[in-house]
Amino acid sequence: MIGKAKIATFFIAIVLVGLLSGCSLVKSYRQPPLQIIPDMDDQPKYKPQAEGSFFADRRTSRLPVPGTVPHGKKKTNFAFYADKEINRDDETFYNGKAGDYWSQDNPLPMSAEILKRGQERYNITCANCHDRAGTGQGIVFVRAQNLGQLPPTNLHDDRIRTMPDGQIFNTITNGIRNMSGLGHQIAPEDRWAIIRYIRALQRSQNATINDVPVEQQGNLK
(Lines of atoms letter the chains of each structure in order from A and count residues from 1; the text may use other names and numbers.)
(Lines give C-alpha, C1' and ligand atoms only; values in the text may rest on other atoms or scores of the structure.)
Protein backbone atom coordinates (compact mmCIF):
# COMPACT_ATOMS: atom_id res chain seq x y z
CA MET A 1 0.00 0.00 0.00
CA ILE A 2 1.11 3.54 -0.75
CA GLY A 3 1.94 5.46 2.37
CA LYS A 4 0.11 8.61 3.40
CA ALA A 5 3.33 10.60 3.08
CA LYS A 6 3.71 9.55 -0.55
CA ILE A 7 0.08 10.48 -1.31
CA ALA A 8 0.53 13.88 0.29
CA THR A 9 3.76 14.41 -1.64
CA PHE A 10 1.99 13.48 -4.88
CA PHE A 11 -0.80 16.02 -4.38
CA ILE A 12 1.64 18.73 -3.33
CA ALA A 13 3.61 18.10 -6.52
CA ILE A 14 0.44 18.48 -8.63
CA VAL A 15 -0.38 21.81 -6.97
CA LEU A 16 3.17 23.07 -7.51
CA VAL A 17 3.13 22.06 -11.18
CA GLY A 18 -0.16 23.89 -11.66
CA LEU A 19 1.16 27.04 -10.04
CA LEU A 20 4.43 26.99 -11.95
CA SER A 21 2.67 26.43 -15.28
CA GLY A 22 0.51 29.48 -14.78
CA CYS A 23 -2.71 27.53 -14.23
CA SER A 24 -4.42 29.20 -11.31
CA LEU A 25 -6.41 26.91 -9.05
CA VAL A 26 -8.12 29.93 -7.51
CA LYS A 27 -10.26 32.10 -9.77
CA SER A 28 -9.76 35.39 -7.93
CA TYR A 29 -6.28 36.80 -7.36
CA ARG A 30 -4.66 40.21 -7.35
CA GLN A 31 -1.44 39.33 -9.15
CA PRO A 32 -1.03 37.22 -12.30
CA PRO A 33 0.36 33.73 -11.65
CA LEU A 34 3.96 32.85 -12.34
CA GLN A 35 4.18 31.61 -15.93
CA ILE A 36 7.14 29.40 -16.72
CA ILE A 37 5.68 28.45 -20.13
CA PRO A 38 3.18 31.18 -21.18
CA ASP A 39 1.97 29.14 -24.16
CA MET A 40 -1.27 30.82 -25.36
CA ASP A 41 -2.27 32.52 -22.10
CA ASP A 42 -1.06 35.91 -23.32
CA GLN A 43 -1.44 36.70 -27.01
CA PRO A 44 -0.38 40.10 -28.38
CA LYS A 45 -3.23 40.85 -30.75
CA TYR A 46 -5.79 43.41 -31.81
CA LYS A 47 -9.50 42.81 -31.96
CA PRO A 48 -11.27 43.47 -35.30
CA GLN A 49 -11.64 47.19 -36.06
CA ALA A 50 -9.60 48.08 -32.97
CA GLU A 51 -7.30 51.09 -32.83
CA GLY A 52 -3.56 50.53 -32.64
CA SER A 53 -0.39 52.55 -32.37
CA PHE A 54 1.89 50.66 -34.77
CA PHE A 55 0.65 52.20 -38.05
CA ALA A 56 0.46 55.93 -38.74
CA ASP A 57 -3.27 55.81 -39.51
CA ARG A 58 -3.84 53.80 -36.29
CA ARG A 59 -5.90 51.16 -38.15
CA THR A 60 -5.24 47.56 -37.15
CA SER A 61 -7.27 46.09 -40.05
CA ARG A 62 -4.96 46.30 -43.05
CA LEU A 63 -5.49 45.94 -46.78
CA PRO A 64 -3.41 43.33 -48.66
CA VAL A 65 0.07 44.48 -49.65
CA PRO A 66 -0.09 46.18 -53.09
CA GLY A 67 0.96 43.79 -55.83
CA THR A 68 0.10 40.68 -53.82
CA VAL A 69 -0.28 37.72 -56.17
CA PRO A 70 -3.09 35.27 -55.31
CA HIS A 71 -2.24 31.61 -54.95
CA GLY A 72 -4.28 29.60 -57.43
CA LYS A 73 -7.23 30.65 -59.56
CA LYS A 74 -10.31 32.37 -58.27
CA LYS A 75 -13.29 30.08 -58.75
CA THR A 76 -16.78 31.44 -59.34
CA ASN A 77 -20.28 30.06 -59.37
CA PHE A 78 -20.94 30.80 -63.03
CA ALA A 79 -20.10 28.91 -66.18
CA PHE A 80 -19.43 32.31 -67.80
CA TYR A 81 -16.36 32.70 -65.57
CA ALA A 82 -15.34 29.04 -65.50
CA ASP A 83 -12.39 29.64 -67.84
CA LYS A 84 -11.65 33.19 -66.76
CA GLU A 85 -9.19 34.29 -64.10
CA ILE A 86 -10.52 37.30 -62.20
CA ASN A 87 -7.91 39.86 -61.20
CA ARG A 88 -8.16 40.27 -57.44
CA ASP A 89 -7.10 43.89 -57.84
CA ASP A 90 -10.18 44.57 -60.02
CA GLU A 91 -11.74 47.53 -58.18
CA THR A 92 -15.02 47.20 -60.04
CA PHE A 93 -15.53 43.50 -59.44
CA TYR A 94 -14.57 43.52 -55.76
CA ASN A 95 -15.45 47.05 -54.62
CA GLY A 96 -17.94 48.39 -57.14
CA LYS A 97 -15.66 51.32 -57.98
CA ALA A 98 -14.70 52.82 -61.33
CA GLY A 99 -11.85 55.11 -60.39
CA ASP A 100 -13.15 57.57 -57.82
CA TYR A 101 -16.80 56.88 -58.64
CA TRP A 102 -19.28 54.05 -58.26
CA SER A 103 -19.43 51.82 -61.30
CA GLN A 104 -22.55 52.34 -63.41
CA ASP A 105 -22.18 48.95 -65.05
CA ASN A 106 -22.50 45.39 -63.82
CA PRO A 107 -19.44 43.29 -64.76
CA LEU A 108 -21.66 40.21 -65.17
CA PRO A 109 -23.45 39.85 -68.50
CA MET A 110 -27.21 39.63 -68.71
CA SER A 111 -28.18 35.99 -69.09
CA ALA A 112 -30.84 33.57 -67.89
CA GLU A 113 -28.21 31.69 -65.89
CA ILE A 114 -27.12 34.78 -63.96
CA LEU A 115 -30.68 36.00 -63.40
CA LYS A 116 -31.64 32.59 -62.02
CA ARG A 117 -28.63 32.60 -59.71
CA GLY A 118 -29.42 36.16 -58.62
CA GLN A 119 -33.03 35.24 -57.89
CA GLU A 120 -31.95 32.27 -55.80
CA ARG A 121 -29.44 34.31 -53.75
CA TYR A 122 -31.88 37.23 -53.41
CA ASN A 123 -34.65 35.00 -52.08
CA ILE A 124 -32.25 33.46 -49.56
CA THR A 125 -30.48 36.55 -48.23
CA CYS A 126 -32.55 39.61 -49.16
CA ALA A 127 -36.24 38.68 -49.35
CA ASN A 128 -36.59 38.27 -45.59
CA CYS A 129 -36.33 42.07 -45.29
CA HIS A 130 -37.11 43.44 -48.76
CA ASP A 131 -39.70 40.73 -49.61
CA ARG A 132 -39.64 38.81 -52.88
CA ALA A 133 -41.05 41.73 -54.86
CA GLY A 134 -38.49 44.17 -53.42
CA THR A 135 -41.02 46.49 -51.75
CA GLY A 136 -39.37 46.40 -48.30
CA GLN A 137 -42.26 44.56 -46.63
CA GLY A 138 -40.41 41.34 -45.77
CA ILE A 139 -41.29 39.10 -42.85
CA VAL A 140 -38.56 40.62 -40.65
CA PHE A 141 -40.12 44.07 -40.99
CA VAL A 142 -43.66 42.74 -40.54
CA ARG A 143 -42.68 41.08 -37.26
CA ALA A 144 -40.56 43.98 -35.97
CA GLN A 145 -42.40 47.08 -37.21
CA ASN A 146 -43.72 47.83 -33.71
CA LEU A 147 -40.17 48.15 -32.35
CA GLY A 148 -39.60 51.53 -33.94
CA GLN A 149 -37.02 50.29 -36.44
CA LEU A 150 -36.55 51.93 -39.83
CA PRO A 151 -38.28 49.90 -42.55
CA PRO A 152 -36.12 48.20 -45.18
CA THR A 153 -35.65 50.19 -48.37
CA ASN A 154 -38.21 49.83 -51.13
CA LEU A 155 -36.00 48.76 -54.04
CA HIS A 156 -38.46 50.35 -56.47
CA ASP A 157 -37.88 53.87 -55.16
CA ASP A 158 -36.50 56.22 -57.77
CA ARG A 159 -33.41 56.73 -55.59
CA ILE A 160 -32.55 53.03 -55.86
CA ARG A 161 -33.58 52.70 -59.49
CA THR A 162 -31.13 55.46 -60.44
CA MET A 163 -28.40 54.37 -58.03
CA PRO A 164 -25.21 53.04 -59.71
CA ASP A 165 -24.79 49.28 -59.61
CA GLY A 166 -21.48 49.74 -57.83
CA GLN A 167 -23.11 51.64 -54.99
CA ILE A 168 -25.70 48.89 -54.50
CA PHE A 169 -22.82 46.39 -54.51
CA ASN A 170 -21.13 48.40 -51.75
CA THR A 171 -24.33 48.46 -49.70
CA ILE A 172 -24.71 44.68 -49.96
CA THR A 173 -21.06 44.27 -49.01
CA ASN A 174 -20.82 46.69 -46.08
CA GLY A 175 -24.41 47.35 -45.07
CA ILE A 176 -26.13 50.63 -44.28
CA ARG A 177 -28.17 51.84 -41.29
CA ASN A 178 -29.93 48.77 -39.81
CA MET A 179 -28.76 46.51 -42.62
CA SER A 180 -25.70 44.43 -41.75
CA GLY A 181 -22.98 43.92 -44.32
CA LEU A 182 -23.27 40.62 -46.19
CA GLY A 183 -19.86 40.61 -47.85
CA HIS A 184 -18.72 37.73 -45.65
CA GLN A 185 -21.75 35.63 -46.66
CA ILE A 186 -22.22 36.38 -50.35
CA ALA A 187 -19.45 35.90 -52.93
CA PRO A 188 -18.72 38.96 -55.13
CA GLU A 189 -20.14 37.32 -58.25
CA ASP A 190 -23.32 36.45 -56.35
CA ARG A 191 -23.65 40.07 -55.21
CA TRP A 192 -23.48 41.19 -58.84
CA ALA A 193 -26.01 38.49 -59.81
CA ILE A 194 -28.36 39.76 -57.10
CA ILE A 195 -28.07 43.25 -58.56
CA ARG A 196 -28.94 41.89 -62.00
CA TYR A 197 -32.05 40.33 -60.48
CA ILE A 198 -32.94 43.52 -58.58
CA ARG A 199 -32.81 45.43 -61.87
CA ALA A 200 -35.14 42.83 -63.35
CA LEU A 201 -37.55 43.28 -60.42
CA GLN A 202 -37.46 47.05 -60.90
CA ARG A 203 -38.14 46.66 -64.61
CA SER A 204 -41.09 44.37 -63.87
CA GLN A 205 -42.76 46.97 -61.64
CA ASN A 206 -41.95 50.03 -63.73
CA ALA A 207 -42.26 48.78 -67.28
CA THR A 208 -44.22 50.50 -70.05
CA ILE A 209 -45.76 49.22 -73.25
CA ASN A 210 -42.61 50.33 -75.05
CA ASP A 211 -40.62 47.72 -73.13
CA VAL A 212 -42.63 44.93 -74.77
CA PRO A 213 -41.40 43.68 -78.17
CA VAL A 214 -43.43 45.29 -80.94
CA GLU A 215 -44.64 41.94 -82.25
CA GLN A 216 -46.12 41.10 -78.83
CA GLN A 217 -47.63 44.46 -77.90
CA GLY A 218 -50.90 43.55 -79.59
CA ASN A 219 -51.41 40.72 -77.08
CA LEU A 220 -51.54 43.23 -74.20
CA LYS A 221 -54.08 45.63 -75.67
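The C-terminal position of the sequence shown is numbered 662 in this note's numbering, with every residue numbered one higher than the one before it. Cβ atoms here follow ideal geometry from the backbone N, Cα and C, with glycine treated the same way.
Item to check | Assigned exposure category for Ser544 - 16 Cβ within 10 Å defines buried | outcome: In the sequence shown, counting from the first residue as 1, residue 544 sits at position 103. Looking at its Cβ environment, which holds 16 or more other Cβ atoms inside 10 Å, Ser544 is buried.
Checklist entry - Exposed or buried, which one is Pro629 when buried takes at least 16 other CB atoms within 10 Å? => result Mapped onto the sequence shown, residue 629 falls at position 188. Buried.
Checklist entry - Hey, is the stretch 550 to 562 in contact with the stretch 617 to 625, meaning 3+ C-beta pairs nearer than 8 Å? => result no
Next on the checklist: So Asn547 and Arg602 are supposed to be a Cβ contact under 8 Å. How far apart are they, rounded?
Outcome noted: The count along the sequence shown starts at 1 and reaches residue 547 at position 106. The count along the sequence shown starts at 1 and reaches residue 602 at position 161. The Cβ separation is near 14 Å, so there is no contact.
Next on the checklist: I need the boundaries of the alpha helix (DSSP H) containing Glu532, first residue and last residue.
Outcome noted: Sequence index remark: in the sequence shown, residue 532 carries index 91 (1-based). It spans 532 to 536 - the alpha helix (DSSP H) in which Glu532 sits, taken as one unbroken run.
Item to check | Range covered by the alpha helix (DSSP H) that runs through Cys570 | outcome: The sequence position of residue 570 within the sequence shown is 129, counting from 1. Cys570 -> alpha helix (DSSP H) spans 568 to 571.
Checklist entry - Below 8 Å between beta carbons: does that hold for Gly607 and Ala539? => result Here residue 607 refers to the residue found at position 166 of the sequence shown. Here residue 539 refers to the residue found at position 98 of the sequence shown. It is a contact, given that the beta carbons lie within the stated cut-off.
Item to check | Distance CB(Gly575)-CB(Leu642) smaller than 8 Å | outcome: On the sequence shown, residue 575 is found 134 positions in, with the first residue counted as 1. On the sequence shown, residue 642 is found 201 positions in, with the first residue counted as 1. Yes, these two residues count as a Cβ contact at 8 Å.
Checklist entry - Bridge partners of Met551, per DSSP? => result Indexing the sequence shown from 1 puts residue 551 at position 110. Note: Met551 sits in no beta bridge, so no partner.
Checklist entry - So, is Asp599 buried or exposed, given that buried needs 16 or more other C-beta atoms within 10 angstroms? => result Locating residue 599 in the sequence shown gives position 158, where the first residue counts as 1. Label assigned to Asp599: exposed.
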